[in-house]
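Here is the structure we will look at, set down as structure tokens.
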Amino acid sequence: MSTDHTTVGAAQHALDAMQEFAALTEHLEGHPSDATWTTGSLLAITARLAKTLHQIAEAHKVNYAAAHTGISGSRAQGKVLALNAATEFEQASRALAGVYRHLDHGAHLSHRIDWDETTPLASPPRLAHIPTREVPAMKRADVGLTR
């Protein structure tokens, strides 16, 4: 674990952990019950990433008055860029909140299943035949995004 407690150090540590997680889960095989820990980890990662993106958006909004472009030094253009970046980060955060909702619902459904691991694997049904369910968009409070 990294001893660098700066934001950059924490980001590097998170990147290293995500790369290790990705390598460990590259080939998920066997029964879905083997992946329970994976869905829990993905939920935690998604919630934290959504919150971090929201915080980055807020930082851009709060500090927009100090923004300027690097080439021309234009404060007006810098402010517009800062607010546009904030909007994009906030939209990314909201999109991840929706991803979280789907992950959570899928994990909830999967955890209700008792898997018979002695049953041979069968070809999965075509996805077109599986009924879909509309899931409402996730609210900020669902992932700790409160002011």
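Positions 1454 to 1600 (the working numbering) are the ones given, in order, by the sequence shown. Glycine included, every Cβ here is placed at the ideal spot set by N, Cα and C.
* Measuring CB to CB, does T1499 end up less than 8 Å from Y1553? -> yes
* Of all the alpha helix (DSSP H) runs that stay within the bounds of the region 1493 to 1571, which reach a length of 4 or more residues? -> 1528 to 1564
* Does the distance from the CB of H1521 to the CB of E1543 come in under 8 Å? -> no
* Which one of A1560, A1550 and P1573 has the shortest CA to CA distance from K1504? -> A1550
* Beta-carbon contacts of D1557 that lie in its chain and below 7 Å, excluding the five residues immediately before and after -> L1496
* Since T1492 contacts S1563 with CB under 8 Å, what's their CB separation in whole angstroms? -> 7 Å
* Asked: DSSP on S1486, reduced to helix/strand/coil?
  -> helix
* Asked: Between which two residues does the alpha helix (DSSP H) harbouring T1460 extend?
  -> T1460 to L1477
* Do you know offhand how far A1535's Cα is from R1501's? -> 23 Å
* Inter-residue Cα distance where the pair is E1473 and S1494 -> 13 Å
* Asked: Would you call R1600 buried or exposed, if buried means 16 or more other Cβ atoms sit within 10 Å of its Cβ?
  -> Summary for R1600: the model assigns pLDDT 40, below 50, so the residue's position carries little reliability; its value from the coordinates is reported in the next sentence. Label assigned to R1600: exposed.
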